[in-house]
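Q:
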Amino acid sequence: MPSRLASRTLRPVATLHPLFAAIGNTPLVELSRIGGLPHGVRLFAKAEFMNPGGSIKDRAAAAMVLDGIERGLLRLPSPDEPQQQLPTIIDATSGNTGIALAMIGAALGIGTTLVMPENTSPERKATMRNLGATVIDTACWAAAHPTRCSASACG
Numbered sequence: 029m030p031s032r033l034a035s036r037t038l039r040p041v042a043t044l045h046p047l048f049a050a051i052g053n054t055p056l057v058e059l060s061r062i063g064g065l066p067h068g069v070r071l072f073a074k075a076e077f078m079n080p081g082g083s084i085k086d087r088a089a090a091a092m093v094l095d096g097i098e099r100g101l102l103r104l105p106s107p108d109e110p111q112q113q114l115p116t117i118i119d120a121t122s123g124n125t126g127i128a129l130a131m132i133g134a135a136l137g138i139g140t141t142l143v144m145p146e147n148t149s150p151e152r153k154a155t156m157r158n159l160g161a162t163v164i165d166t167a168c169w170a171a172a173h174p175t176r177c178s179a180s181a182c183g
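Heads up: the sequence shown begins at 29 in the working numbering, then just goes up one per residue.
1. Whole alpha helix (DSSP H) runs in the stretch 53-120 with 4 or more residues, listed along the chain?
2. What do you get for Gly183, buried or exposed, if any count of 16 or more other CB atoms within 10 angstroms of its CB means buried?
3. Determine the closest residue to Ala120 out of Thr162, Val143, Pro80, with distance taken between C-alpha atoms.
4. Where do the ends of the alpha helix (DSSP H) carrying Gly126 lie?
5. Taking the beta strand (DSSP E) that Pro145 belongs to, which residues open and close that run?
6. Between which two residues does the beta strand (DSSP E) carrying Thr148 extend?
7. For Gly63, is the classification buried or exposed, using 16 other Cβ atoms within 10 angstroms of its Cβ as the cut-off for buried?
8. Run the CB neighbour count on Asp165, radius 10 Å, all protein chains shown included, and call it buried at 16 or more, exposed below.
9. Taking DSSP's pairing of strands, which residues face Thr166 in a bridge?
10. Using 10 angstroms around the beta-carbon of Pro46, count the other beta-carbons present and answer buried if the total reaches 16, otherwise exposed.
11. Note down, in chain order, each residue of its chain lying with its Cβ closer than 8 Å to the Cβ of Leu65, except the 5 sequence neighbours on either side.
12. Leaving out five residues on either side along the sequence, give the residues of the same chain with a beta carbon under 7 Å from the beta carbon of Thr54.
13. Just confirm the distance between the C-beta atoms of Gly133 and Thr140, as a whole number of angstroms; I'd bet it's less than 8 Å.
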């Protein structure tokens, strides 16, 4: 069954890779054991962790990339294109969106460069690198600007 993302009227490019059919095609699960709900109320949750990248951010990343391709702002590489000339997705991220962009970039052969705070977990960085992304660390804003940082932001 194609996902809603792939079946939208503006989504013919979603057929470029089978990955897009899996994004957003997650089940809706009834949470029947939650107490305290008003009579007649049923509570459901969308199991977004079942997206290929494990996050709801897969949907947003796919929508951004597909929109960029459709509008001609991002192109698909040719099969014999040299690595240094590949089209590239660049994003500032600290996690799940970056993983989703790296996954989609890898599937389509598009380079991905992700800029993130140096305190991003090593596991997230490793996941992005393993998906082929270039990861650029930046100073953590709160540590770099302690006098501008509120107590809640600095922990």
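Ideal Cβ positions, reconstructed from N, Cα and C, are used throughout, including at glycine.
Since the structure is predicted, the reported quantities are computational estimates derived from the model, not experimental observations.
A: Taking the definition as stated:
1. Listed in chain order, they are 85-98.
2. Stepping through the sequence shown from its first residue, residue 183 is reached at position 155. Bear in mind that the predicted position of Gly183 carries a pLDDT of just 49, short of 50, making it unreliable; the figure below should be weighed with that in mind. Under this definition Gly183 is an exposed residue.
3. What you label residue 120 is simply residue 92 of the sequence shown in a count that begins at 1. Taking only the C-alpha atoms, the option nearest Ala120 is Val143.
4. Here residue 126 corresponds to residue number 98 of the sequence shown, with the count starting at 1. Run containing Gly126: 124-136, per the alpha helix (DSSP H) assignment.
5. Start at 1 with the first residue of the sequence shown, and residue 145 comes out as number 117. Its beta strand (DSSP E) spans residues 139-145.
6. Sequence index remark: in the sequence shown, residue 148 carries index 120 (1-based). Neither: Thr148 is in no beta strand (DSSP E) and is coded neither H nor E.
7. Working through the sequence shown from its first residue, we reach residue 63 at position 35. Exposed, because fewer than 16 other Cβ atoms sit within 10 Å of the Cβ of Gly63.
8. Sequence index remark: in the sequence shown, residue 165 carries index 137 (1-based). Asp165 counts as exposed, since fewer than 16 other C-beta atoms from the protein chains shown sit within 10 angstroms of its C-beta.
9. Counted from its first residue, the sequence shown places residue 166 at position 138. Per DSSP, Pro145.
10. Sequence index remark: in the sequence shown, residue 46 carries index 18 (1-based). For Pro46, the number of other beta carbons within 10 angstroms of its own is below 16, and it is reported as exposed.
11. For the purposes of this step, residue 65 is taken as residue 37 along the sequence shown, with counting starting at 1. The residues are Leu71.
12. For the purposes of this step, residue 54 is taken as the residue at position 26 of the sequence shown. Result list for Thr54: Lys74, Ala75, Glu76, Met78, Asn79, in chain order.
13. Here residue 133 corresponds to residue number 105 of the sequence shown, with the count starting at 1. Here residue 140 corresponds to residue number 112 of the sequence shown, with the count starting at 1. Yes, they are in contact, since the Cβ atoms of Gly133 and Thr140 sit about 4 Å apart, within 8 Å.
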